[in-house]
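First comes the structure, then the notes that go with it.
Protein chains: 2
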Amino acid sequence: MNLLIFLLLLFCHPAYASDPDARAVRTKVREYRQQNEVQIIRDLVDLLAIPNVAANQEDIRRNADYLAVLLQKRGMKTQLLKADAGSPVVYGELNTPGADKTVMLYMHYDGQPVNPENWDSDPWQPILRDKALESGGVEISWSALKSPIDGESRIYARSASDDKSPITAVLTALDALNAAEIPLSVNIKFFLEGEEEAGSPNLAAILEKYKVLLQADVWLFCDGPVHQTRRNQVVFGVRGVTGVRLTVYGPNRPLHSGHYGNWAPNPIVLLSDLIMSMRNTDARILIADYYDDVRPISETERKALDESPDIDEQMRNELGLAWSEGEGRLEERIMLPALNVRNFQSGGEAARNAIQTEATAVLGFRLVPDQTIARVRELVEVHIRNQKFHIVTETPDLQTRKTRKKIVKLQWEKGYEPFRTSMDLPVSKALTRVIEEALGEPIVKMPTAGGSLPLFIFDRILQTPLIIVPMVNHDNNQHAENESLRLQNLWDGIEMYAGILARLGQVWQ
Amino acid sequence: MNLLIFLLLLFCHPAYASDPDARAVRTKVREYRQQNEVQIIRDLVDLLAIPNVAANQEDIRRNADYLAVLLQKRGMKTQLLKADAGSPVVYGELNTPGADKTVMLYMHYDGQPVNPENWDSDPWQPILRDKALESGGVEISWSALKSPIDGESRIYARSASDDKSPITAVLTALDALNAAEIPLSVNIKFFLEGEEEAGSPNLAAILEKYKVLLQADVWLFCDGPVHQTRRNQVVFGVRGVTGVRLTVYGPNRPLHSGHYGNWAPNPIVLLSDLIMSMRNTDARILIADYYDDVRPISETERKALDESPDIDEQMRNELGLAWSEGEGRLEERIMLPALNVRNFQSGGEAARNAIQTEATAVLGFRLVPDQTIARVRELVEVHIRNQKFHIVTETPDLQTRKTRKKIVKLQWEKGYEPFRTSMDLPVSKALTRVIEEALGEPIVKMPTAGGSLPLFIFDRILQTPLIIVPMVNHDNNQHAENESLRLQNLWDGIEMYAGILARLGQVWQ
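Sequence order for the protein chains is A and B.
Residues 1 to 509 in the numbering used here are what the first sequence spells out, letter by letter.
Residues 510 to 1018 in the numbering used here are what the second sequence spells out, letter by letter.
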C-alpha cells in the first residue's frame, strides 16, 4: 500500500513539482536567503537574546516593543493588545491591494522558564553548533560565521524553536518577496502572543475585546514541530484534555493485614476495579455512550492518515514496546479519545502489612471532536454511580463513611476542548497545495495532533478556520534544557511561509 | 442465635463454675496475690527495668542471667540454649512426681526497639498510672504503692505486656501454689526466647540442636493479648504470610499522554488488570485451585466461631466502614486465605500528562492450613502466566521489552507457614476446660488468629500440639510507644496459669 502510494507519487508528476509560479518564488526566496544567511541568523539571535519568561513583565515588554519595531519596518501598522492583566499581544497588519482574503499568522514570543544549571550554554546567549549536541556538535563562534552555513547547524537558546524562529522566518519571507518584487496574494495580520507558555490566562479576554480587529479568513498557527520523519506537515486539529483525581476509601486507620485481611475493604482493589470498569488493557473506553460524540473520520482524513508515514514500528522499537494499544497506527489512534491513568498512589514503601485507608489515581482524558468536557464529565459520573459509588467532592466525614459502602472523591481539572478544522474546506486544500508547491515535495497532512492547545477558544470567539503550520525540527527539546533550532528547518520555513504569502490568495478560490 | 447461646450459658450451669477443686485453687491463689500485690509488682518492675532490645547483646545477657536466677529460685534446673549466634534461650525444667504430662511454657524476654521521644515516660523506668494514659491516668509513685491496688491501674514500660508480664504471672502462680501447698499436675519446662522481636533468626537452629531436651506434650505460648472484649481466650492457630512485589512495564521513558495516549501501553492499567484477575472486591481469590488446600472448618471450630463474641458491627463503626468483605463475621473470615494489596505506586504528584514507564504493587498473602508458601507461589505464578504475562526476576533489558508483550517482575518475600492445632485433641479440650474453671467464666475459643507467628517452625521440628494462651490487655500498645499492662490482666493471668499448672494433668486424660 505504501509502496503503491510512493510509485503513484513518483510517476504522476504531481502539481507541487510542476507549478512554474511556485518554482519561481522558491528560486527567488532561496537566492535571497543564501545571500543573507548571516544577517538572517543575526536577526534571530538578537531576538533570542531578550529573555522572555512571561512571569517577568519587564522582559516581556522589551520583547513586545522590539517586535513591534520589526513589524513596523516591514510597513505594518502595529498595536499592543492588552487585557486587564498579563502580557500584551503584538498585533500588526499589512494590506495587499487587490487581495480579498486575510491570513492571520499566530506565533508566541514568550518562552518556558529555564533551569540554567541544566543547560550546556546560557539560555539567553544563543550559540551556534555545527550539529546537534547529542551528535557531538561543536560551537562555531559568531565572528567566524560565514555563508554558506550548513543546514545541520543548530542554534541553542530558549525559544530558538518554541516559538521565536517562526517569527524570523515569516519576516524574512516578507523581506525576500519584497526584494524580488513578488507581490503578496493575501492581506496579512500578526498575532504574537506573550503568555502562551503560562497557559494563556488572558487570551479569551483579548480575543473578545479585539474581536473585530482580529477578523480573518484563516488563522495559521506557526508553532510546534514538523513530523518526526523531518518532513513538513500541516495539522488540522488538536485533542482536548481534562482530568479527574479519584480518591477511594478503606478503613479510617491503617489495619494489620493479618488481623483484618479478608474482612476490611481494600481501597486499592476498589480503585483498580473502578479503573478497569472504565477502560480495558487495549485502551477501549467502557463508559456507556462514550464514543457517541466521536466525529467519524472523513474520506479526506482517511486518505491523509493512510498517506502519512508509518512510524509505529520505529517508535515501538525506540520505546522498548512489543505492542501498542488497540488496532491501527498511532495517527489513527489519536483520532479517538484516550483515557490515560496518570498515576496511582496508595501506601508507601514501608507499608509492610497494612490495609490502606485510601487510594488515589488521576485519570487524564483526551477528547476528540465532537466530545465536550461537560459531556465527558457527565458520562464519567453516571458511570461511577452505576458502579455503585457514592460521589463526594470533599473528604467524607465519619458518618458518610459509616453509611456509604463505596465512596469516591472526585476533583475535576479544567481543560481544553478538542478542535478540528475540516480538511475539505477550500482553505485547507489550497494551503496544502501551496505548501507542497513551495517546498517541491509532499508534506504530511495530519487531521489532528494528539496533544492539546486552546484552539477552541479562538474557534468559540472568532469562528474562523484554524490550521497549524509548523516549521521547527521535532528534536528541538522544547520546554526543556538545550532547546535548539536546526537551520535547515529555518531555511525551509522561510520558503514555506513565502510560498503561502505569495500564492495562497491565488489558489484559494 | 447469640441470645440463645447466652441463655444456654446462663441456665446450664456449666462445669467451669462448679468444679470445687478449681474453686479452691482460685481462692488460694487469689488470697496469695492479694497478700503480695506490692511484691509481685516490684518483681515485674525489676524485670522490666533491664533494657531488652535484641540488638544489644549485653542487655540481653543481663536479662537471661536474671531470669535464670528467678527460675532457679523456684527449684528449677536451668540452662542457656544457644545457637552459633544471637540471644540465648533461658531454659528451665521442674519435674512433678507422679505427673505423666509435660507442659512447655513459651515466653520471650526481648522487646521491640524504642523511640524514647515518643514516650510519655522512660521505657526502661516503669511507672504506674491509676488508669490508662488516654483516659487521663495519673502517675502513682512507687513509694506510695500499697495494697489493694486497683485492677484498672497500668504499668507503663517496654515489654510490660509483650512479653515479660506473662513470665512474672507464671512464676507468681508457682509461688502461690507452693505457698498453698497445692501440687502441680504436670511437669513443666520454660522456653524463654531472647530475639522474638528480631524475627527469631536462630530459633530453628536452637530447636534442632536441643530437640530432645525440648520434648513436651504441649507447648503453651504465653504471648499476645486477650480478646478485644477483655475476655480471656485461647487461640489454636495462626495464619501464614508471604508477599510478592509486582512490577509491570510501559514505554521505557515517560510519554506525553496527548501524543501517545490510546496507543502506548499503560502500566497502571496492566497492573490493575492483573490484580483484578487475582481477587475481586469481595476478597474472593480468583486464582485457579487456590482454595483446594484450605482445611475445612471442623464441627468444634464452627461451634467456637459461633460462640465467639460478635464484634463486627462495633469494629465497622469504629473504622468508619459501612460494610466488610465477603460473607460472615471477622472470626470466620480469618479462617480463609486473604490476598491484600499492600501498596500501589506509579507516577508522582507531578506526573501531569505522562504515560508512566512502570507500576509497582506489593501483594500480601495470608495462608491457612493446609496451604503452603511453595504451593501459593506456584499457583500465583501459573495464574500470572495464564494472564499472558512473561515473568522475570530482574529488571528486563531492552531486548526483552521489545519482544515480550506483557512483562512482570516478581520479587517474593520469605514468610511464615500457617499452623492450626485441632480443637478436638484431648489437650485442647482439657486446656479450655481448665482455664474456664480457673477463671470461673467462659473464655473465647479462637480456632485461629488472623496474624502470623512462626509456630510452623516448632511444629516442623517438634511435632507437638501448640496452643496460644495469652493474658495481657488488647489495648497495650505493643510494638509502639507507651506500652502498658493493665493490672487486672496480671491478676487474672496468675489465676489462669495457676489453674493450668494445678489441674491440667488431672483433666487431660
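Positions of the beta carbon are idealized from the N, C-alpha and C atoms, including for glycine.
Quiz item: For the region 903-919 of chain B, which residues have a CB atom closer than 7 Å to at least one CB atom of chain A, in sequence order?
Solution: 907, 910, 911, 912, 913 and 914
Quiz prompt | Cβ pair count under 8 Å reaching 3, the region 216-228 of chain A against the region 459-476 of chain A | solution = yes
Practice problem: Please work out which residues of its chain come closer than 7 Å, Cβ to Cβ, to residue 719 of chain B, disregarding the five sequence neighbours upstream and downstream, and give them in chain order. | Solution: The count along the second sequence starts at 1 and reaches residue 719 of chain B at position 210. If we look at residue 719 of chain B and ignore the five residues flanking it on each side, its Cβ neighbours are 590.
Self-check item: residue 742 of chain B and residue 953 of chain B closer than 8 Å at C-beta
Solution: One-based indexing of the second sequence puts residue 742 of chain B at position 233. One-based indexing of the second sequence puts residue 953 of chain B at position 444. Against a cut-off of 8 Å, the Cβ pair of residue 953 of chain B and residue 742 of chain B comes out as a contact.
Quiz item: Of all Cβ atoms in chain B, is any one closer than 8 Å to the Cβ of residue 306 of chain A?
Solution: Residue numbering aside, residue 306 of chain A sits at position 306 when the first sequence is read from its first letter. With 8 Å as the cut-off, residue 306 of chain A does not count as an interface residue toward chain B.
Quiz item: Based on Cα-Cα distance, which residue from B:625, B:717 and B:709 lies nearest to residue 564 of chain B?
Solution: In the second sequence, residue 564 of chain B corresponds to position 55, counting from 1. Selected option, being the one with the closest Cα: B:709.
Practice problem: State the start and end residues of the unbroken beta strand (DSSP E) segment that holds residue 602 of chain B. | Solution: The residue labelled residue 602 of chain B in the question sits at position 93 within the second sequence. Here the beta strand (DSSP E) through residue 602 of chain B covers 598-603.
Practice problem: Would you identify the three-state DSSP class for residue 181 of chain A, choosing helix, strand or coil? | Solution: On the first sequence, residue 181 of chain A is found 181 positions in, with the first residue counted as 1. Coil at residue 181 of chain A, not helix or strand.
Quiz prompt | Any non-hydrogen atom of the ligand NAP within 7 Å of residue 493 of chain A CB | solution = Absence of the ligand NAP is noted for the structure shown, with no ligands found whatsoever.
Practice problem: Name the residue from B:535, B:960, B:972 and B:532 whose alpha carbon lies nearest to the alpha carbon of residue 749 of chain B. | Solution: Position 240 of the second sequence, counting from 1, holds the residue named residue 749 of chain B. Relative to residue 749 of chain B, the option among B:535, B:960, B:972 and B:532 whose CA is nearest is B:960.
Self-check item: CB contact below 8 Å: residue 880 of chain B versus chain A
Solution: The residue you call residue 880 of chain B lines up with position 371 of the second sequence. Chain A contact via Cβ: absent.
Exercise. Would you mind telling me which residues of chain B sit closer than 9 Å to residue 286 of chain A, beta carbon to beta carbon, in chain order?
Key: Locating residue 286 of chain A in the first sequence gives position 286, counting from the first residue. Within chain B, no residue comes near residue 286 of chain A; the closest Cβ sits about 12 Å away, beyond 9 Å.
Exercise. Go to residue 980 of chain B, then tell me how far its beta strand (DSSP E) extends in each direction, as first and last residue.
Key: As a position in the second sequence, residue 980 of chain B is number 471, starting the count at 1. Residue 980 of chain B -> no beta strand (DSSP E), and no H or E assigned at all.
Quiz item: Taking 8 Å as the CB-CB cut-off, is residue 1008 of chain B touching chain A?
Solution: In the second sequence, residue 1008 of chain B corresponds to position 499, counting from 1. Not one chain A Cβ lies under 8 Å of residue 1008 of chain B.
Quiz item: Listed from N- to C-terminal order along the chain, which residues in the region 234-252 of chain A have their beta-carbon within a distance smaller than 9 Å of any beta-carbon of chain B?
Solution: 238, 239, 241, 243, 249, 250, 251 and 252
Quiz item: Starting from residue 346 of chain A and walking both ways along the beta strand (DSSP E), at which residues does that stretch end?
Solution: Counting from one through the first sequence, the residue named residue 346 of chain A turns up at place 346. Where residue 346 of chain A is concerned, the enclosing beta strand (DSSP E) stretches over 338-346.
Self-check item: Exposed unless 16 or more other CB atoms sit within 10 angstroms - verdict on residue 854 of chain B
Solution: Reading the second sequence from its first residue, position 345 is the one you call residue 854 of chain B. By the neighbour-count rule (16 or more Cβ atoms within 10 Å), residue 854 of chain B is buried.
Quiz prompt | Unbroken beta strand (DSSP E) run spanning residue 508 of chain A, endpoints | solution = Your numbering for residue 508 of chain A matches position 508 in the first sequence. Unbroken run through residue 508 of chain A: none, as it is neither H nor E.
Quiz item: Exposed or buried, which one is residue 534 of chain A when buried takes at least 16 other CB atoms within 10 Å?
Solution: Because chain A here runs from 1 to 509, residue 534 of chain A falls outside it and cannot be looked at.
Exercise. Identify whether residue 30 of chain A lies in helix, strand or coil by the three-state DSSP scheme.
Key: Translated into positions along the first sequence, residue 30 of chain A becomes position 30. Of the three classes helix, strand and coil, the one that applies to residue 30 of chain A here is helix, per DSSP.
Practice problem: Report back the beta-carbon spacing between residue 425 of chain A and residue 246 of chain A to the nearest angstrom; my notes put them in contact at under 8 Å. | Solution: Counting from one through the first sequence, the residue named residue 425 of chain A turns up at place 425. Counting from one through the first sequence, the residue named residue 246 of chain A turns up at place 246. That belief does not hold up - the Cβ atoms of residue 425 of chain A and residue 246 of chain A are roughly 40 Å apart, past 8 Å.
Practice problem: Report the rounded CA-to-CA distance for residue 496 of chain A versus residue 778 of chain B, giving the unit in angstroms. | Solution: To locate residue 496 of chain A, count along the first sequence from 1; it is residue 496. To locate residue 778 of chain B, count along the second sequence from 1; it is residue 269. Each residue's alpha carbon lies about 43 Å from the other.
Quiz item: First and last residue of the alpha helix (DSSP H) that includes residue 428 of chain A?
Solution: Working through the first sequence from its first residue, we reach residue 428 of chain A at position 428. Per DSSP, residue 428 of chain A belongs to the alpha helix (DSSP H) from 426-439.
Quiz item: Can you tell me the Cα-Cα spacing of residue 175 of chain A and residue 914 of chain B, whole angstroms?
Solution: Numbered from 1 along the first sequence, position 175 holds the residue referred to as residue 175 of chain A. Numbered from 1 along the second sequence, position 405 holds the residue referred to as residue 914 of chain B. Roughly 54 Å separates the two Cα atoms.
Quiz prompt | DSSP beta-bridge partners of residue 66 of chain A | solution = As a working note, residue 66 of chain A is residue 66 in the first sequence. Note: residue 66 of chain A is not bridge-paired with any residue in the DSSP secondary-structure output.
Quiz item: Does DSSP put residue 501 of chain A in a helix, a strand or coil?
Solution: Within the first sequence, the letter at position 501 stands for residue 501 of chain A. Reduced to three states, the DSSP call for residue 501 of chain A is helix.
Quiz item: Between residue 281 of chain A and chain B, is there a C-beta pair that is closer than 8 Å?
Solution: Working through the first sequence from its first residue, we reach residue 281 of chain A at position 281. Chain B, which has a Cβ nearer than 8 Å to the Cβ of residue 281 of chain A, makes this yes.
Quiz item: By DSSP, does residue 544 of chain B sit in helix, in strand, or in coil?
Solution: Numbered from 1 along the second sequence, position 35 holds the residue referred to as residue 544 of chain B. DSSP places residue 544 of chain B in helix when its eight states are reduced to three.
Practice problem: Express the C-alpha separation of residue 634 of chain B and residue 1008 of chain B in angstroms, rounding to a whole number. | Solution: Indexing the second sequence from 1 puts residue 1008 of chain B at position 499. Indexing the second sequence from 1 puts residue 634 of chain B at position 125. In a straight line, the C-alpha of residue 1008 of chain B is about 32 Å away from that of residue 634 of chain B.
Quiz item: The beta strand (DSSP E) spanning residue 391 of chain A covers which residue range?
Solution: Counting from 1 along the first sequence, the entry for residue 391 of chain A is found at position 391. Note, residue 391 of chain A: beta strand (DSSP E), 389-392.
Self-check item: From A:463, A:352 and A:41, residue whose alpha carbon lies closest to that of residue 147 of chain A
Solution: The residue you call residue 147 of chain A lines up with position 147 of the first sequence. Answer by Cα proximity: A:41.
Quiz item: Near residue 680 of chain B, what residues of its chain come up, given a Cβ to Cβ distance below 7 Å and the 5 sequence neighbours on each side ignored?
Solution: The count along the second sequence starts at 1 and reaches residue 680 of chain B at position 171. 579 and 583, listed in sequence order.
Practice problem: Taking residue 786 of chain B as part of the alpha helix (DSSP H), name the residues at either end of that continuous run. | Solution: On the second sequence, position 277 is the one that residue 786 of chain B refers to. Start and end: 776-787.
Quiz item: Can you name the residues that DSSP bridges to residue 715 of chain B?
Solution: For the purposes of this step, residue 715 of chain B is taken as the residue at position 206 of the second sequence. DSSP output for residue 715 of chain B lists no bridge partner at all.
Quiz item: What number of angstroms, rounded off, separates the C-alpha of residue 414 of chain A from the C-alpha of residue 662 of chain B?
Solution: Working through the first sequence from its first residue, we reach residue 414 of chain A at position 414. Working through the second sequence from its first residue, we reach residue 662 of chain B at position 153. Roughly 58 Å separates the two Cα atoms.
Quiz item: Just by C-beta distance, which residues in the region 833-846 of chain B are closer than 8 Å to chain A?
Solution: From the region 833-846 of chain B, only 833, 834, 835, 839, 842, 843, 845 and 846 have a Cβ closer than 8 Å to chain A.
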